[in-house]
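J.: Protein chains in written order, with UniProt numbering: chain A, 1 to 333; chain B, 1 to 333.
To start, I am sharing the structure in question, which I have written as structure tokens.
Protein chains: 2
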Amino acid sequence: MRDVATMAGVGIATVSRVVNGKPVTPDLAERVTRAAEQLGYRQDLTASSLRRADRRTHTLGLVLEDAANPFSAALHRAVEDAAAEHGMLLLAGSTDEDPVRERGLLKTFTARRVDGLIVVPTGQNDTDLDAARRAGTPVVCVDRRTTAPQVDTVTVDNRAGVRAAVQRLHEAGHRRIAFLGDLRSIWTAQERYTGFVEGLATVGCVLHPSLVRRGLHGAEAAQAATHDLLALAHAPTALISGQNLLTIGARRTLQELQLQRRVALIGFDDLSLADLLEPGISVIAQDHAAIGKEAASLLFERLEGEGGPARHRVLPTRYLARGSGELPAPEDR
Amino acid sequence: MRDVATMAGVGIATVSRVVNGKPVTPDLAERVTRAAEQLGYRQDLTASSLRRADRRTHTLGLVLEDAANPFSAALHRAVEDAAAEHGMLLLAGSTDEDPVRERGLLKTFTARRVDGLIVVPTGQNDTDLDAARRAGTPVVCVDRRTTAPQVDTVTVDNRAGVRAAVQRLHEAGHRRIAFLGDLRSIWTAQERYTGFVEGLATVGCVLHPSLVRRGLHGAEAAQAATHDLLALAHAPTALISGQNLLTIGARRTLQELQLQRRVALIGFDDLSLADLLEPGISVIAQDHAAIGKEAASLLFERLEGEGGPARHRVLPTRYLARGSGELPAPEDR
DNA sequence: TTGAAAGCGGTACCAC
DNA sequence: GTGGTACCGCTTTCAA
């Protein structure tokens, strides 16, 4: 920039003004532009944000469970689009549910002075979220609630979604309904299980502890658990899976045993191609894009000075009937 | 930092040393650490990289087609893991195949002084890639070649993959094989089509122009195109789809017409759940993780001073036989 | 409107 | 080993 100023025969401040589009005599602006081009000048945003009065870096930190999974990817994209509208960019990282990694990401994001954070919290690190917020970086939690105070959250109504699924299965005659749940440390896994329990209570159905398998992580774990369940003397006639990969694992086992048309299955969260299976997999779907958009908008409000108490947005889920959740209980036949 | 120095009663330089883990008398280090904690001091990496001799920001820029699609997501994660090993973070953005957005991302990434760029190029902006490289930011292109000189690339052997698929179909008796291709501007779409043409030539089969549908983007376009193809007087007995979403669209139409067991289908790039469909979708799979890892490693070599000519890594594809590609041509029955 | 100079939060060099 | 100081590239007073 100094070189550009010298070459254009103007002060360094004038170059800054031109670069930032502030009013400058056209003649000077022209000279600056030309000199900049000739010298191959490239603005340094890191230096500029350092000196700028608002200290904004126009960067958001995004802490995901795993950038590779469809939920995270959709969230990433939704947040990215919202961010782009505000001229902001995304710094993203994956925790793999590891609180140590989460802490590391939070630390380096704040050290890089991101303007705000959107986090899918592992749930084992809430003090760090609070620390970030108190250090002046607004935080919005997504997909899961947090115990950190004054942190906005965007979640879906997990309980209601699962409750409704239980009711549907019950109406179709199912009495032995099994539940597959993710790691207990994950907030949504707890909520969905609670929804399952509530649903059974609502329809007046007993909860068979042997039909509940929690703490499963990944498709293989669900596949094995489903095998176990179906080998029981009183095997379930319907399955509710509390997460994406678990649904895949469950369905895989059903197909191995040729039971996909006999044992009902409802999964939480939609799956690509689920509608092309036979029967299609019925799911409790969440609107990923809406979640991301809402999170971003809460964050931007904070950045614009909104100082009120924590806000908690709860979005609805939507049941997509595709066949696997509509299979009648065998007794009905 | 100045406050910490004052509080600890040491020079500002000493604080810097402590923060950076450089040798300092334990007593002083202790005092600094305590003061830092008490004042809630948080290191500012943006300021530090500004003054640091190497000017490194420990940030990589990742330009994707669409952060939400599985290919991009897998790539993102693979690069993230490699970056993390080097203490680096990722700044990511989506182009949606729009060269204007690509240019914007390239510009703001370099303005933020990323240490390197990993780009899935739209193919309509190669001068910007070159500009970035000449400005001192190493660039690695991924998934697609580029005409920009001195830019390393990582791609898969698209032609060989499609060629082999054509041969398989031919061996199964298919003579009327259709091709569904993505936007012509996309390098891989060109390559895969070339592989199709080469494959037909190899087996001595004629290329029916009416069976080629290129310039399709997204599942719906493929769905419609497949409808058209199957309505032809001499309809194809097999389909090769040149991209993920196109495969989904094609399969959807096949199932609508109940033809998924009569018309063969081979897709490029794997799909989650493809193995659970009946019949399963056979695909020409690429190893996303390996692609991302290789790209990252090429980039890190550049960052460590590797100055040779552009290197082009070509990874193999793998055919996954699942049924849809193994259906015999009707004449055989 | 424009330019000189101070300073954002650090690091690197230098003399002690 | 430690502290003082110049300075990274830029924005922001402030005086001209």
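All C-beta atoms, glycine included, are put in the ideal place defined by N, C-alpha and C.
Ordered along the chain, which non-local residues of its own chain (more than five positions away) have a Cβ less than 7 Å from that of Arg333 (chain A)?
T.: With a pLDDT of only 41 at Arg333 (chain A), under 50, the local geometry of the prediction cannot be trusted, and no value is derived from it.
J.: Determine the extent of the beta strand (DSSP E) in which Leu178 (chain B) is found, giving its start and end residues.
T.: Before going on, a small fix: residue 178 (chain B) reads as Ala here, not Leu. Here the beta strand (DSSP E) through Ala178 (chain B) covers 177-180.
J.: So Thr14 (chain B) and Val24 (chain B) are supposed to be a Cβ contact under 8 Å. How far apart are they, rounded?
T.: Right, their Cβ atoms sit about 6 Å apart.
J.: Looking at the ligand GTP, does it come within less than 7 Å of Tyr41 (chain B), judged from the CB to the closest heavy atom?
T.: As far as ligands go, the structure on display features none, and thus does not contain the ligand GTP.
J.: Give me the chain A residues within the contact set of Arg252 (chain B), using Cβ-Cβ distance strictly less than 7 Å, ordered along the chain.
T.: Neighbours of Arg252 (chain B) on chain A, chain order: Leu276.
J.: Using 8 Å as the threshold, is the region 88-102 of chain B in touch with the region 61-69 of chain B, meaning 3 or more CB pairs across them?
T.: Output reads yes: the region 61-69 of chain B touches the region 88-102 of chain B.
J.: Looking at the strands, I want to know which residues DSSP matches up with Phe268 (chain B).
T.: DSSP lists B:Ile284 as partners of Phe268 (chain B).
J.: Can you give me the C-alpha to C-alpha distance between Ser324 (chain A) and Gln258 (chain A), rounded to a whole angstrom?
T.: Their Cα atoms are separated by approximately 13 Å.
J.: Which term fits Asn20 (chain B), buried or exposed, when burial requires 16 or more other beta carbons within 10 angstroms of its beta carbon?
T.: So Asn20 (chain B) ends up on the exposed side.
J.: What would DSSP say about Thr146 (chain A), mapped onto helix, strand or coil?
T.: Residue state, collapsed to three classes: coil.
J.: Return the first residue and the last residue of the beta strand (DSSP E) that Ile118 (chain A) is part of.
T.: Counting along the chain, the beta strand (DSSP E) containing Ile118 (chain A) begins and ends at 116-119.
J.: Distance check for His76 (chain A) and Ala82 (chain A), CA to CA, integer angstroms please.
T.: Distance between the alpha carbons of Ala82 (chain A) and His76 (chain A) is about 10 Å.
J.: Just checking, does the region 242-260 of chain A make contact with the region 138-151 of chain A on the three C-beta pairs under 8 Å criterion?
T.: The region 242-260 of chain A, when compared against the region 138-151 of chain A, does not touch it at the 8 Å Cβ threshold.
J.: Quick check on the burial criterion: 16 or more other C-beta atoms within 10 angstroms. Buried or exposed for Asp152 (chain B)?
T.: Asp152 (chain B) is buried by the Cβ-count criterion.
J.: How far does the alpha helix (DSSP H) with Val4 (chain B) in it reach, from first residue to last?
T.: 2-8 is the extent of the alpha helix (DSSP H) around Val4 (chain B).
J.: Under a Cβ-count criterion, where at least 16 other Cβ atoms within 10 Å of its own Cβ denotes burial, should Gln190 (chain A) be classed as buried or exposed?
T.: Gln190 (chain A) should be labelled buried.
J.: Taking C-beta pairs closer than 8 Å, name the residues in chain A that Arg113 (chain B) reaches, listed in chain order.
T.: Per Cβ cutoff of 8 Å: Asp44, Leu45, Thr46.
J.: By the DSSP assignment, the beta strand (DSSP E) with Ser94 (chain A) in it spans what residues?
T.: 89-94 is the extent of the beta strand (DSSP E) around Ser94 (chain A).
J.: Count the other C-beta atoms from every protein chain shown that fall within 10 angstroms of the C-beta of Pro149 (chain B), then say buried if there are 16 or more, exposed otherwise.
T.: Pro149 (chain B) comes out exposed.
J.: Between the region 16-43 of chain A and chain B, which residues of the former have CB atoms less than 7 Å from a CB of the latter, in chain order?
T.: Per Cβ criterion, the list reads Gly40, Arg42, Gln43.
J.: Using a Cβ-Cβ cut-off of 8 Å, state whether Ala172 (chain A) counts as contacting chain B.
T.: Closer than 8 Å: no.
J.: Got a sec? Which residues, its chain only, sit under 7 Å from His170 (chain A) by beta carbon, not counting five neighbours each side?
T.: Val203, Cys205.
J.: Compare the C-beta of Thr108 (chain A) against all C-beta atoms of chain B and say whether one is closer than 8 Å.
T.: At least one chain B Cβ lies under 8 Å of Thr108 (chain A).
J.: Check the Cβ of Arg77 (chain A) against every Cβ in chain B and list those closer than 8 Å, keeping chain order.
T.: Result: Asp66, Ala67, Ala68, Ser94.
J.: Given this structure, state the Cα-to-Cα distance separating Thr155 (chain A) from Ala5 (chain B), to the nearest angstrom.
T.: So the two alpha carbons sit approximately 43 Å from each other.
J.: Is it buried or exposed, Leu277 (chain B), if we count other Cβ atoms within 10 angstroms and call 16 or more buried?
T.: Buried: at least 16 other Cβ atoms inside 10 Å.
J.: Can you tell me whether DSSP reads Asp152 (chain A) as helix, strand or coil?
T.: Strand.
J.: Tell me, please, which residues DSSP counts as bridged to Gly323 (chain A).
T.: Answer is A:Gly280, bridged to Gly323 (chain A).
J.: For Val166 (chain B) and Ala250 (chain B), what's the separation of their Cα atoms in angstroms?
T.: Each residue's Cα considered, the two are about 17 Å apart.
J.: For Arg2 (chain A), decide whether its Cβ has a neighbour in chain B, counting only Cβ atoms nearer than 8 Å.
T.: Not one chain B Cβ lies under 8 Å of Arg2 (chain A).
J.: Do the CB positions of Gly104 (chain B) and Ser185 (chain B) come within less than 8 Å of each other?
T.: For Gly104 (chain B) and Ser185 (chain B), no; Cβs fall outside 8 Å.
J.: Could you give the residue range of the alpha helix (DSSP H) that holds Ala310 (chain B)?
T.: Where Ala310 (chain B) is concerned, there is no enclosing alpha helix (DSSP H), given that its DSSP letter is neither H nor E.
J.: I need the straight-line Cα distance from Glu256 (chain B) to Gln223 (chain B), nearest angstrom please.
T.: Near 10 Å, if we compare the C-alpha coordinates of Gln223 (chain B) and Glu256 (chain B).
J.: Please name the residue in B:Thr146, B:His234, B:Ala289, B:Ile281 whose C-alpha comes closest to that of Ala68 (chain A).
T.: Closest option to Ala68 (chain A), Cα to Cα, is B:Ala289.
J.: By DSSP, does Arg333 (chain A) sit in helix, in strand, or in coil?
T.: Unreliable positioning characterises Arg333 (chain A) in this predicted model, as indicated by a pLDDT of 41, which lies under 50. The coordinate reading is nonetheless provided below. In this structure, Arg333 (chain A) counts as coil in the three-state DSSP scheme.
J.: Could you give the distance in angstroms between the alpha-carbon of Ala201 (chain A) and the alpha-carbon of His174 (chain B)?
T.: Roughly 57 Å separates the two Cα atoms.
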